[in-house]
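Taking my numbering, I'd label the letters of the sequence shown as residues 339 to 522. First up is the structure itself, then whatever we jot down about it.
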Amino acid sequence: MDDAQMKQDLARVLFTPEQIKSRVKELGQQISRDFAGEEVVLVGILKGAVIFFADLAREISLPVRMDFMAISSYGSATKTSGVVRILKDLDKDITGRNVIIVEDIVDSGMSLAFLKENLISRGAKALRVCVLLDKPERRRCPIDVDYRGFEVPDEFVVGYGMDYAERYRELPLIGVLKPQVYGG
Ligand code: IMP
Ligand code: MG
């Protein structure tokens with residue numbers, strides 16, 4: 339499917355590539371100030387965060403280490419059960435390190451609540467959460483987000499790493515998917 343076809347599946351554009359770039363730059367600057375003089379480990383959550391992760395890492399003016407985790411929550415795509423399973427764990431020990439979880443979007447908060455508790459228990463020196471998008475209306479697990487790109491309404495969004503059925507991740511913008519695309 340080409341870009342033009344993918345864009346036809348969108349009800350509207352929420353954030354253009356330019357808006358995303360400038361917000362990611364601000365997040366990188368904020369992190370660089372907060373951890374000035376130190377090193378940070380960015381933990382990207384596969385796969386939705388990879389595009390954001392790659393751009394954010396290049397906006398941080400500190401030594402950065404990169405690691406990744408993949409998790410899955412049992413249940414259907416739209417309703418998570420709250421049971422989270424680790425599909426891929428970190429490669430390296432994070433004891434005594436400044437860790438920043440980098441995630442695409444916080445929705446119910448289940449995934450991040452699990453990840454945060456899991457990584458804190460491994461003895462990180464600092465544990466922060468950085469999300470590009472926050473959908474606060476759907477929150478079921480209260481979660482402190484330290485760095486947040488944008489707030490979004492309760493609609494299904496795709497692009498800039500985020501998918502519907504593994505599609506649309508490569509779109510350079512973030513848009514709302516037309517409900518008829520997912521059988522609405
Ligand atoms: P949570 O555990 O409910 O907060 O789930 C967050 C995860 O659900 C994100 O990492 C995304 O993979 C996925 N997700 C939630 N909302 C959306 C959306 O609007 N578009 C794409 N993925 C979403
Ligand atoms: Mg995800």
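Glycine is no exception: its CB is placed at the ideal position from the N, C-alpha and C atoms.
**Message:** Contact defined as beta carbons within less than 8 Å: I believe Gly-447 pairs with Ile-398. What is the distance between those atoms, to the nearest angstrom?
**Reply:** About 25 Å; that fails the 8 Å criterion.
- Item | Exposure label - Ala-503; buried when at least 16 CB within 10 Å | exposed
Discussion item. Looking at Val-496: is its Cβ nearer than 9 Å to the Cβ of Asp-472?
Written reply: no
| task | Specify whether the region 428-440 and the region 454-463 touch according to this definition: at least 3 beta carbon pairs, one from each stretch, less than 8 Å apart. | result | yes
task: Give me the Cα-Cα distance between Leu-470 and Asp-340, rounded to the nearest whole angstrom.
output: 25 Å
#### Entry: Environment of Ala-408 [buried if 16+ CB atoms lie within 10 Å]
exposed
Original post:
Thinking just about the alpha-carbon of each residue, which of Tyr-520, Phe-452, Ile-439 is nearest to the one in Gly-386?
Top reply: Ile-439
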